[in-house]
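Going by my numbering, 321 is the number at position 321 of the sequence shown; the sequence numbering is gapless. Ideal placement from N, C-alpha and C gives every residue a C-beta, glycine not left out. Notes follow once the structure below has been shown.
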Amino acid sequence: MTEFIAVGVETPSSVLNHVDLGLTDDDVLRMYELMLLARRLDERMEILQRQGKAHFHISCRGHEATQVGCAYALEAGKDWLHPYYRDLGVLLTIGVPARDLMLSCLAKKNDPASGGRQMPAHWGYKPLNVVTQSSPVATQIPQAAGIAYAIKRRREDAVVYVSFGEGGSSKGDFHEGLNFAGIHRLPVIFVCENNRYAISVAQNKQMAIENVADRAAGYGMAGVVVDGQDVLAVYKAMKEAVERARRGEGPTLLEAKTYRIVPHSSDDDDRLYRPREEVEYYRTVNDPLNRLRNYLFEKGIANQEMLDEIEARVMGVVNDATDWAEQQPDPDPADAMKHVYWDR
Ligand SMILES: Cc1ncc(C[n+]2csc(CCOP(=O)(O)OP(=O)(O)O)c2C)c(N)n1
Ligand SMILES: [Mg+2]
């Protein structure tokens with residue numbers, strides 16, 4: 001289990017004040033709990049993969065502020081989500097129970113995403129309008145534009161959240177989805193979780209620009225860059241984008257500068273392509289949980305005892321989800337070909 005390393009005064013908290021954003025102290029504590037739950041559940045899923053119980057793991061760790069900040073600005077059950085594989089924090093914040101997420105991780109029969117057929121982290125959850133994704137990166141982007149087009153044609157009030165990495169923004173799907181959404185002024189927020197690497201490929205090998213969001217001008221939409229380690233900054237930017245979309249003012253390309261603090265997936269060794277000092281900086285000084293924890297202390301919203309209580313509650317949820325999901329049935333082998341297209 002990752003322990004937070006003690007942080008010094010150099011760790012920033014947030015440049016913003018939650019009260020100015022319409023958030024209560026309880027909201028900020030809830031954000032902290034969701035971020036911690038995402039991290040601890042993710043750590044548990046990695047352990048299960050190492051034990052041979054899950055066949056693959058891809059992590060949200062380091063992205064928690066971006067994910068919780070974004071999803072906190074959405075309306076559960078009304079808005080639509082096309083999350084990408086790192087978005088464990090988005091799923092938890094919108095209200096998917098940890099137990100259901102664990103069913104996907106362990107490829108169990110009652111996994112709500114696909115009955116254990118998809119890879120882990122190919123989220124899908126019908127009751128909360130979470131649309132499952134395909135493995136080729138960025139395919140969710142034009143799909144999200146399509147859902148937003150339907151929402152607009154039906155004159156509904158919902159908005160669409162879709163996320164992807166900066167590497168995914170090199171795909172043609174990115175251009176097609178954003179171009180279509182810009183033309184029709186669709187209620188969709190394109191969130192780029194820019195962690196500076198697409199597996200081993202650094203951002204400067206993907207694009208000749210500093211900010212993915214600068215491309216928004218080319219599609220006639222708002223482009224916003226935000227510090228993805230600051231949950232309040234992300235929430236503010238996302239809330240403004242959601243409000244623009246609901247007012248009929250069209251899409252936003254929101255780029256959150258973040259970092260993954262572990263290898264790309266359970267099949268990767270990141271020591272081959274990035275310096276340890278860089279990873280260490282984001283695991284300590286600029287870790288999103290450390291940043292929010294400092295904010296809670298600074299504003300007198302929480303003390304260590306309260307954070308210990310949150311940690312205990314979170315571990316209760318993680319342990320319950322693990323123990324329960326491990327007892328659930330595996331898919332029936334006789335169903336293996338169900339829903340698989342076979343053209344004789
Ligand atoms: C079209 C396609 N090419 C390659 C892959 C293999 N692949 C999976 S994730 C990934 C990196 C994506 O990087 P990025 O979009 O920056 O997201 P991150 O994983 O960094 O969050 C690649 C190359 C894929 N899934 N789909
Ligand atoms: Mg990336």
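For ALA256, there is no enclosing alpha helix (DSSP H); the residue is part of the beta strand (DSSP E) that begins and ends at 252 to 257. Looking at MET35, GLU75, SER265, PRO263, the one whose alpha-carbon comes closest to that of GLY228 is MET35.
Counting along the chain, the unbroken alpha helix (DSSP H) around TRP324 starts and ends at 304 to 327. With the rule of 3 Cβ pairs closer than 8 Å, the region 240 to 249 does not count as touching the region 131 to 146. When the Cα atoms are used, ARG246 and ALA158 turn out to be separated by approximately 7 Å. A straight line joining the alpha-carbon of HIS122 with that of VAL131 spans about 9 Å. By the criterion of at least three beta-carbon pairs nearer than 8 Å, the region 53 to 72 is in contact with the region 111 to 128. Shown here, ASN194 sits in a strand according to DSSP, grouped into three states. With a 10 Å radius around the Cβ and a threshold of 16 neighbouring Cβ atoms, THR24 comes out exposed. Listed in chain order, the alpha helix (DSSP H) runs fully inside the region 28 to 114 are 64 to 71, 88 to 94, 98 to 105, counting runs of at least 4 residues.
With a contact defined as Cβ atoms closer than 8 Å, PRO187 and ALA148 qualify at about 5 Å. ASP335 carries a helical assignment under DSSP once its states are collapsed to helix, strand and coil. Our two residues, VAL96 and TYR125, have alpha carbons roughly 7 Å apart in a direct line. Judged by beta-carbon spacing, ARG244 lies within the 9 Å limit of ALA222, meaning their Cβ atoms are closer than that value. Distance from the CA atom of ARG276 to the CA atom of MET337, rounded to whole angstroms, is 44 Å. Of the heavy atoms belonging to ligand 2, at least one sits nearer than 8 Å to the Cβ of ARG196. It is roughly 34 Å from the alpha-carbon of ARG99 to the alpha-carbon of VAL201.
For HIS184 and GLN304, the gap between their C-alpha atoms comes out near 49 Å.
With fewer than three CB-CB distances shorter than 8 Å, the region 281 to 290 does not count as touching the region 201 to 218.
Taking the Cβ of GLU193 as the reference point, at least one heavy atom of ligand 2 falls within a distance shorter than 8 Å. Around the beta carbon of ALA233, 16 or more other beta carbons lie within 10 angstroms, which makes this residue buried. Straight-line measurement puts the Cα of GLN49 at about 13 Å from the Cα of ASP268. Taking the Cβ of GLU166 as the reference point, at least one heavy atom of ligand 2 falls within a distance shorter than 8 Å.
Inter-segment contact for the region 162 to 174 and the region 69 to 87 is present: three or more beta-carbon pairs are separated by less than 8 Å.
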